[in-house]
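Asker:
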Amino acid sequence: MSEENQKEEENSFGLGGNDGGGNCEEAPAGAPAWMATFADLVTLLMCFFVLLFAMSTIQEETFKEIVASLQSALGVQAIPEAGTREGLVMQNVQPAEKEPEKKSIDEIGTMIQKEMKNIVSDVQELVMFNKLAGMVNVKETEEGVVITISDILLFRIGEASITGEGLEVLAKIAHVLKQFRYPIEVAGHTDNFPIKTSKFPSNWELSSRRASEVVRFLVGKGVSPNLLTAAGYAQFRPVDTNDTSGGRAKNRRVEIKYRRDSIESTLLK
5 MSEENQKEEE NSFGLGGNDG GGNCEEAPAG APAWMATFAD LVTLLMCFFV LLFAMSTIQE
65 ETFKEIVASL QSALGVQAIP EAGTREGLVM QNVQPAEKEP EKKSIDEIGT MIQKEMKNIV
125 SDVQELVMFN KLAGMVNVKE TEEGVVITIS DILLFRIGEA SITGEGLEVL AKIAHVLKQF
185 RYPIEVAGHT DNFPIKTSKF PSNWELSSRR ASEVVRFLVG KGVSPNLLTA AGYAQFRPVD
245 TNDTSGGRAK NRRVEIKYRR DSIESTLLK
């Protein structure tokens, strides 16, 4: 390649020239003409939509409903107007409910023991004040509290109607029972002496009827019927021998029971 041809080739690629810049044409100053046209178009469109919005009619009630719906969906409170004492928009966060602390086994046991002692103490005071020792007894057992009333105080032989003296004593006992809102079982018991009458074909009927009569009277004196149950056990749960008159007298009885497990279940509610 001749030297003259080489120079022409360098000039065509912009490699020649004293300043190394070649013979390239410089770009014209300022933005291209199309950008000015585009900016004018965008401005006109914006003005057009602003004009449309200004000419439209806004339904205030509909607007408020939409805002309220959005606030409810997003779980926020409305932004108060200026000058009010309300706070700014707040997240409608409900505080977590505190779970009630579970009582320990020892605490429950202590509470049960305390309630049982209170029942025993109140009944003992009633017995002493009314001189009912031997007729009404109360004791604390592993199963709960048992108030025992002799059948001589409550009933005539072979009958289920409560005597006048028995009604007076039961009224005083009812006053104590109303202070303790725990389930009560009233149980009738007999000795093993058989009975066979039109009213009571066996000791089952006699013991059950006696328990029911006591329950009915207690309800009439204000003890909640929801707390009371009646049961008859005939001669099958003796506390003494049936071979002696003294033993049979002890077996003929009505028991009013507060069971430990019933007290516990009530305290745990």
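Residues in the sequence shown are numbered consecutively from 5, following the numbering used here.
Each residue gets a CB set at the ideal place from its N, CA and C atoms; glycine is no exception.
By alpha-carbon positions, which one of W208, I123, K135 and D44 ends up nearest to L181?
Answerer: Working through the sequence shown from its first residue, we reach residue 181 at position 177. Of W208, I123, K135 and D44, the residue nearest in Cα terms is I123.
Asker: With a CB to CB cut of under 6 Å and the five nearest residues on each side skipped, what residues in its chain are close to G91?
Answerer: Here residue 91 refers to the residue found at position 87 of the sequence shown. Here G91 scores only 48 on pLDDT, less than 50, and its place in the model is too uncertain to base an answer on.
Asker: Using beta-carbon positions only, say whether E259 and V131 come within less than 8 Å of one another.
Answerer: Here residue 259 corresponds to residue number 255 of the sequence shown, with the count starting at 1. Here residue 131 corresponds to residue number 127 of the sequence shown, with the count starting at 1. Against a cut-off of 8 Å, the Cβ pair of V131 and E259 comes out as no contact.
Asker: Excluding the five sequence neighbours on either side, which residues of its own chain have a C-beta within less than 7 Å of the C-beta of I199, listed in chain order?
Answerer: To locate residue 199, count along the sequence shown from 1; it is residue 195. Only G162, S206, N207 and L210 meet the Cβ criterion.
Asker: Can you list, in chain order, the residues of its chain whose CB lies under 8 Å from that of E217, leaving out five sequence neighbours each side?
Answerer: In the sequence shown, residue 217 corresponds to position 213, counting from 1. Only A164, S165 and I166 meet the Cβ criterion.
Asker: With 16 as the cutoff for other CB atoms within 10 Å, does V219 come out buried or exposed?
Answerer: The count along the sequence shown starts at 1 and reaches residue 219 at position 215. It counts as buried.
Asker: Is DSSP giving E189 helix, strand or coil here?
Answerer: Position 185 of the sequence shown holds residue 189. If DSSP states are grouped into helix, strand and coil, E189 belongs with the strands.
Asker: Assign S154 to one of three DSSP states: helix, strand, or coil.
Answerer: For this step, residue 154 is matched to residue 150 along the sequence shown. Strand.
Asker: Go to K254, then tell me how far its alpha helix (DSSP H) extends in each direction, as first and last residue.
Answerer: In the sequence shown, the residue the question calls residue 254 occupies position 250. Per DSSP, K254 belongs to the alpha helix (DSSP H) from S249 to N255.
Asker: Would you report the Cα separation of G236 and E119, rounded to the nearest angstrom?
Answerer: Taking the sequence shown and counting its residues from 1, the one referred to as residue 236 is at position 232. Taking the sequence shown and counting its residues from 1, the one referred to as residue 119 is at position 115. Each residue's Cα considered, the two are about 27 Å apart.
Asker: Can you check which of these residues, K176, F197, S108 and L232, is closest to S249 by C-alpha distance?
Answerer: Along the sequence shown, one-based indexing puts residue 249 at 245. Here the closest residue by C-alpha is F197.
Asker: At which residue ranges does the region 121-170 contain complete beta strand (DSSP E) runs of 3 or more residues, listed in the order of the chain?
Answerer: As far as the region 121-170 is concerned, its whole beta strand (DSSP E) runs of at least 3 residues are 140-144 and 148-154.
Asker: Would K261 and V243 be called neighbours here (beta carbons separated by less than 8 Å)?
Answerer: For this step, residue 261 is matched to residue 257 along the sequence shown. For this step, residue 243 is matched to residue 239 along the sequence shown. No, the pair does not count as a contact, with Cβ atoms beyond the cut-off.
Asker: Taking the alpha carbon of R241 as the reference point, which residue from G251, T201 and K273 has its own alpha carbon closest?
Answerer: If you number the sequence shown from 1, residue 241 lands on position 237. Here the closest residue by C-alpha is G251.
Asker: Checking the sheet assignment: what are the DSSP bridge partners for G236?
Answerer: Here residue 236 refers to the residue found at position 232 when the sequence shown is read from its first residue. Answer by DSSP bridge pairing, in chain order: G192.
Asker: Which residues share a DSSP beta bridge with E259?
Answerer: One-based indexing of the sequence shown puts residue 259 at position 255. E259 is bridged to T152 and A191.
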